[in-house]
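In this note's numbering, the protein residues as written are 3 to 332.
The next block holds one structure in the form of structure tokens; read it before the comments.
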């Protein structure tokens, strides 16, 4: 655990792990990032990008999508909740894949989005639908990789756009559904291979904790520990982090910058991890479940119960007043 600035990265409290989907495997040394489906129905129309074909199908809840880097072209593996594994799609036009996310906002038609180098120094953005069809959206002239995410609608001028970082230059970029590249901000943090900004994620309402993978990389200046780092909800609150903020962590040392966009975008460093940390993949911020989903009655349940009790009491008093012989006892 490390305490720097106003945030704390620490291991999760239990640290327990459980084997899942033993049929899935990846090559040694690869960075096979994952995305988890909350359950998404693809839009009939292709959002604001006319290149995407109209379609209506669904990514079921709890499907896991992983980058498949075992061959050429690279692709995407789908892992079902019961552990069954299948190849969902191949992604042509790239030599590798370096990021994956689901469009939960809808500006890309609720498709799966992946990025990878088309040529050195460039990045191709590809949308994949639930039938496994891969459609290139754009190729931009910056190298992007790591944790990517679609911005919520309220994220200033970049709402609904794909957010990704360039670790070599230190900047954070947005790519619109039409393929336009914009610079969101410069991180102001050290940049370079295995050093600069890498892992992005947005803060949901009622944030409970943020999680980040610390990859073991022997021989690297940031060797990592093959563990999961955690930033608690209390630490996020103390650092002034709120719903809708973008958090981006550096690969070397897991330093986290908070980006908040309205008319302009503001940045601030809110946490750092152990100096040896080697952060990879998405920075995942999870929300607290509503009280009604955690076994405690929510406000609606409590209010409804009170109304039922009051109604029952009124009915009981009315029945007693109507009972035979009641008037004789008054």
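Quick reminder that beta carbons are idealized off the backbone N, C-alpha and C, glycines included.
Look at residue i and residue j and say whether their C-beta atoms are less than 9 Å apart.
i, j, result
"residue 127", "residue 177", "yes"
"residue 44", "residue 58", "yes"
"residue 272", "residue 187", "no"
"residue 202", "residue 174", "yes"
"residue 60", "residue 91", "no"
"residue 86", "residue 25", "yes"
"residue 146", "residue 117", "yes"
"residue 241", "residue 199", "no"
"residue 183", "residue 111", "no"
Compute the Euclidean distance between the alpha carbons of residue i and residue j, then round it to the nearest angstrom.
i, j, result
"residue 276", "residue 140", "36 Å"
"residue 36", "residue 230", "15 Å"
"residue 96", "residue 33", "15 Å"
"residue 234", "residue 211", "5 Å"
"residue 287", "residue 73", "32 Å"
"residue 249", "residue 189", "11 Å"
"residue 269", "residue 104", "25 Å"
"residue 39", "residue 283", "16 Å"
"residue 291", "residue 245", "15 Å"
"residue 236", "residue 137", "41 Å"
"residue 247", "residue 206", "8 Å"
"residue 114", "residue 101", "11 Å"
"residue 77", "residue 156", "32 Å"
"residue 122", "residue 215", "26 Å"
"residue 162", "residue 106", "9 Å"
"residue 239", "residue 172", "26 Å"
Just checking residue i against the ligand FMN - is the residue's beta carbon closer than 8 Å to any of the ligand's heavy atoms?
i, result
"residue 61", "You won't find the ligand FMN in this model; it holds no ligand whatsoever."
Looking at the strands, I want to know which residues DSSP matches up with residue i.
i, result
"residue 175", "166 and 185"
"residue 54", "In the DSSP output, where bridge partners are listed per residue, residue 54 has none listed."
"residue 263", "267"
"residue 116", "102 and 128"
"residue 37", "67"
"residue 209", "289"
"residue 199", "252"
Can you tell which of the options has its C-alpha closest to the C-alpha of residue i?
i, options, result
"residue 108", "153, 241 and 82", "153"
"residue 149", "68, 44, 79 and 54", "68"
"residue 168", "27, 88 and 253", "253"
Quick one: what's got a C-beta closer than 8 Å to residue i's C-beta in the same chain, skipping five residues either side?
i, result
"residue 222", "196 and 280"
"residue 266", "158"
"residue 93", "75, 76, 77, 78, 99, 116, 118, 128, 130 and 136"
"residue 124", "141, 142, 143, 144 and 145"
"residue 285", "149, 201, 202, 203, 212, 213, 214, 249, 250, 251 and 258"
Identify, in the order they occur along the chain, each residue of the same chain with its Cβ nearer than 7 Å to the Cβ of residue i, setting aside the five sequence neighbours on each side.
i, result
"residue 120", "95, 96, 126 and 141"
"residue 208", "289 and 290"
"residue 255", "224, 274, 275, 277 and 279"
"residue 82", "65"
"residue 170", "145, 193, 194, 195 and 198"
"residue 220", "none"
Residues in the same chain with beta-carbon distance under 6 Å from residue i, minus the five sequence neighbours each way, listed in chain order, please.
i, result
"residue 338", "Beyond the ends of the chain as shown, which are 3 and 332, falls residue 338; an answer cannot be given."
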